[in-house]
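A short worksheet on the structure shown next.
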Amino acid sequence: MRGLGAQVVNVEGKQFVYPLETRDVEAAALIRECSERGNGVTTPTGQPGVWLDSPMIELLKGPGIIEKALPAMVRQFKRFDIDITIEPMLVYPTLHYQNGGVLIRTDSSTTVPNLYSAGEVSGGVHGRNRLMGNSLLEITVYGRRAGRAAALRAKEVKPGRLTLDHVVAWEKQLAEAGLSPETFSPLLLPEYTRHERQGEQSAE
Ligand SMILES: Cc1cc2nc3c(=O)[nH]c(=O)nc-3n(C[C@H](O)[C@H](O)[C@H](O)COP(=O)(O)OP(=O)(O)OC[C@H]3O[C@@H](n4cnc5c(N)ncnc54)[C@H](O)[C@@H]3O)c2cc1C
Numbered sequence: 300m301r302g303l304g305a306q307v308v309n310v311e312g313k314q315f316v317y318p319l320e321t322r323d324v325e326a327a328a329l330i331r332e333c334s335e336r337g338n339g340v341t342t343p344t345g346q347p348g349v350w351l352d353s354p355m356i357e358l359l360k361g362p363g364i365i366e367k368a369l370p371a372m373v374r375q376f377k378r379f380d381i382d383i384t385i386e387p388m389l390v391y392p393t394l395h396y397q398n399g400g401v402l403i404r405t406d407s408s409t410t411v412p413n414l415y416s417a418g419e420v421s422g423g424v425h426g427r428n429r430l431m432g433n434s435l436l437e438i439t440v441y442g443r444r445a446g447r448a449a450a451l452r453a454k455e456v457k458p459g460r461l462t463l464d465h466v467v468a469w470e471k472q473l474a475e476a477g478l479s480p481e482t483f484s485p486l487l488l489p490e491y492t493r494h495e496r497q498g499e500q501s502a503e
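Residues 300 to 503 (my numbering) are what the sequence shown spells out, left to right.
And the structure:
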């Protein structure tokens, strides 16, 4: 939407960030505008947001352009009776990608013998910040490498007796470090599931 010309504006309709910043800078600016500056739109759930001025696209590029360029998004919002060609969209950042921490070699092998990894669980491929669109490239390249290397390795390995000793050792390490086994990965952002939705799901 931003690429087409939509602009992010606060509760007063004022621009507070350059609309074509990279996603991390844009997301940080949105959070800051709502928290520190208190210029977010407050919704009935208490979750703040800002406006993504989608009608601006049609003002800049002519009528029909949104439907032509982003038909799925138009349909998605229509399901909730929102016409994004005439009404702005309420937005707020959420967890989009995690630069995980598992170190991999170029063949996707890890420091754990016979364990291969690719994708968000691994770290380092993108440096400190993943550029847009590179994740699908990454999982295709490193997933293929992992599969290939694991298949070659499988021809050499003679499995011994399978045990769950490694899980027991892992749980012991967690307990010693005072970590809850419920935390599967480091949480960089706060819990973003809406609580009333969680309630609805458990009621269902
Ligand atoms: C809204 C959105 C839009 C995106 N758009 C793009 C885009 O346009 N271009 C792009 O390049 N990237 C995009 N990405 C990023 C990209 O989709 C992801 O980085 C990529 O799909 C991650 O693949 P993955 O295999 O690493 O992880 P996942 O696809 O998350 O796979 C992990 C799997 O592990 C399973 N799992 C988790 N815990 C356990 C467990 N304990 N035991 C067993 N299984 C478990 C999960 O169920 C899941 O199936 C987008 C991401 C989001 C959220």
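Positions of the beta carbon are idealized from the N, C-alpha and C atoms, including for glycine.
Compute the beta-carbon to beta-carbon distance between residue i and residue j, rounded to the nearest angstrom, for a pair I have assumed lies under 8 Å.
i: A448; j: S407; result: 6 Å
i: L303; j: Y391; result: Rounded, the Cβ-Cβ distance is 20 Å, inconsistent with contact.
i: G432; j: L402; result: Rounded, the Cβ-Cβ distance is 24 Å, inconsistent with contact.
Restricting to Cα atoms, I'd like to know which of the options is closest to residue i.
i: L351; options: E311, N428 and V440; result: E311
i: V373; options: M300, L478 and S479; result: M300
i: R427; options: Y317, D323 and L319; result: D323
i: V275; options: Q472, M388 and A371; result: Absent from the model: residue 275. The displayed extent of the chain is 300 to 503, so no value can be given.
i: L394; options: A326, K457 and Q346; result: A326
i: Q397; options: F376, P480 and H425; result: H425
With DSSP as the reference, please indicate the residues paired to residue i in a beta bridge.
i: Q306; result: D352
i: P347; result: T341
i: Q314; result: V308
Legend entry - Sufficient close CB pairs (3 or more, under 8 Å) joining the stretch 402–418 to the stretch 353–360: Not touching, per the Cβ criterion.
Legend entry - Runs of beta strand (DSSP E) lying entirely within the stretch 352–436, each at least 3 residues, in chain order: Runs of the beta strand (DSSP E) lying entirely within the stretch 352–436, each at least 3 residues long, are 388–390 in chain order.
Inset, instruction - Give a yes or no on contact between the stretch 399–414 and the stretch 433–451, applying the rule of three or more CB pairs nearer than 8 Å. - result: Flag = yes, the stretch 399–414 and the stretch 433–451 touch.
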